[in-house]
Amino acid sequence: MSATSEVSMSEHRIADNMEVSLHFRLRLEDGTEVDSTFDKTPATFQVGDGNLPPGFERSIMGMAAGETGSFTITPEHAFGQHNPQNVQTVARKSFDEEIEVGMVMSFAEPSGSELPGIIREIDERDVKVDFNHPLAGRTLTFEVEVLSVAPATTH
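Using this note's numbering, read the sequence shown as starting at -9 and increasing by one per residue.
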């Protein structure tokens, strides 16, 4: 009986509300690796829980444990296009600490949550802060190795 249940478990395919464990690698257009779990703990998530952008989820739908794939994800299906309206000018005097171009800082939103921003320009009076996702506007290669797929358990 247990051998049968093991066989049926391996037949699960990635779909909504399935719990998935996988290794992934993200690469930029030029092949530069920006993130990978292949040398770390695998990523585990429930399909549809918002942890993975929809374009990434769509690309792995139907895959089963043991399968691998490489997918090109366009900005519209990954982290969006770069939006110039997400680049804000902030008075330099509102920064207490030393800042430099390229720094990622956390900014408090009116709602109380934190929003990361990248310092893009600094002059005597103003600082330009980019609140776009760092990978906005980039076409990415998403490589995956699916380790397990099972129905999500509700707690």
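Where a beta carbon is used, it is the ideal one built from N, C-alpha and C, also for glycine.
Open item on the list: Using CA atoms only, rank isn't needed, just tell me which of 135, 129 and 67 is closest to residue 20.
Closed with: Residue numbering aside, residue 20 sits at position 30 when the sequence shown is read from its first letter. Comparing Cα-Cα distances from residue 20 to each of 135, 129 and 67, the minimum goes to 129.
TODO: Identify which residue in 28, 38 and 33 has its Cα closest to the Cα of residue 5.
DONE: Along the sequence shown, one-based indexing puts residue 5 at 15. Relative to the Cα of residue 5, the nearest Cα in the group 28, 38 and 33 belongs to 38.
Task: Assigned secondary structure, residue 30 (DSSP; H/G/I helix, E/B strand, else coil) - done: Within the sequence shown, numbered from 1, the residue matching residue 30 stands at position 40. Residue 30 falls in the coil class under three-state DSSP.
Task: Range of the contiguous alpha helix (DSSP H) that encloses residue 47 - done: If you number the sequence shown from 1, residue 47 lands on position 57. According to the DSSP assignment, residue 47 belongs to the alpha helix (DSSP H) that extends over 44 to 50.
TODO: Assign residue 84 to one of three DSSP states: helix, strand, or coil.
DONE: One-based indexing of the sequence shown puts residue 84 at position 94. Here residue 84 sits in helix by DSSP.
Open item on the list: Relative to the C-alpha of residue 11, which candidate in 23, 90 and 47 has its C-alpha closest?
Closed with: Taking the sequence shown and counting its residues from 1, the one referred to as residue 11 is at position 21. The shortest Cα separation from residue 11 among 23, 90 and 47 belongs to 47.
- [ ] Kindly indicate which three-state DSSP category residue 141 falls into: helix, strand or coil?
- [x] Position 151 of the sequence shown, counting from 1, holds the residue named residue 141. Assigned with DSSP and collapsed to three states, residue 141 falls in strand.
Open item on the list: If I follow the unbroken beta strand (DSSP E) through residue 128, where does it start and stop?
Closed with: Numbered from its first residue, the sequence shown carries residue 128 at position 138. Careful: residue 128 lies outside any beta strand (DSSP E) and carries neither H nor E.
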